[in-house]
Amino acid sequence: MSQSPKNKMTTRVKRIAGQVAGIERMLEEKRYCVDILNQISAVRSALDALGVELLTRHLENCVLGQGTDSQHESAKPMSQQALLDEVKTALSRFLR
Numbered sequence: 000m001s002q003s004p005k006n007k008m009t010t011r012v013k014r015i016a017g018q019v020a021g022i023e024r025m026l027e028e029k030r031y032c033v034d035i036l037n038q039i040s041a042v043r044s045a046l047d048a049l050g051v052e053l054l055t056r057h058l059e060n061c062v063l064g065q066g067t068d069s070q071h072e073s074a075k076p077m078s079q080q081a082l083l084d085e086v087k088t089a090l091s092r093f094l095r
């Protein structure tokens, strides 16, 4: 049985939290700097993948799904221009 998208994202977040805790342990253990940097890179990559997944789901459910049965229950009713502006703002923040 496959996990729901929400459960998959929760699992990803828990894995990322574990990676961050691992970085903390590595610092406490005074591990080799390059090893710590590699772990930081892995966390960044995992966060980017989570962000892409969230953005994709937002576009599917909150933007394209606006006014349909697939609309997310928390989606705010917005005009197309307001939706576009919101996506542009979210993208600009995400891509920093």
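By numbering that gives the first Met the number 0, the letter at position 56 of the sequence shown is numbered 55, and the numbering carries on one by one without gaps. No residue lacks a Cβ here, since even glycine has one placed at the ideal position from N, Cα and C. Small disclaimer: the values here were computed from a predicted structure and weren't measured.
Boundaries for G66: no alpha helix (DSSP H) harbours it, and the DSSP string shows neither H nor E there. By the neighbour-count criterion, in which a residue is buried when 16 or more other Cβ atoms sit within 10 angstroms of its Cβ, L63 is exposed. By the CB criterion at 7 Å, I15 and A45 fall inside the cutoff. Straight across, the Cα-Cα distance linking G50 with V86 is about 13 Å.
The same chain holds no residue with a CB closer than 6 Å to that of S40 once the five nearest residues on each side in sequence are set aside.
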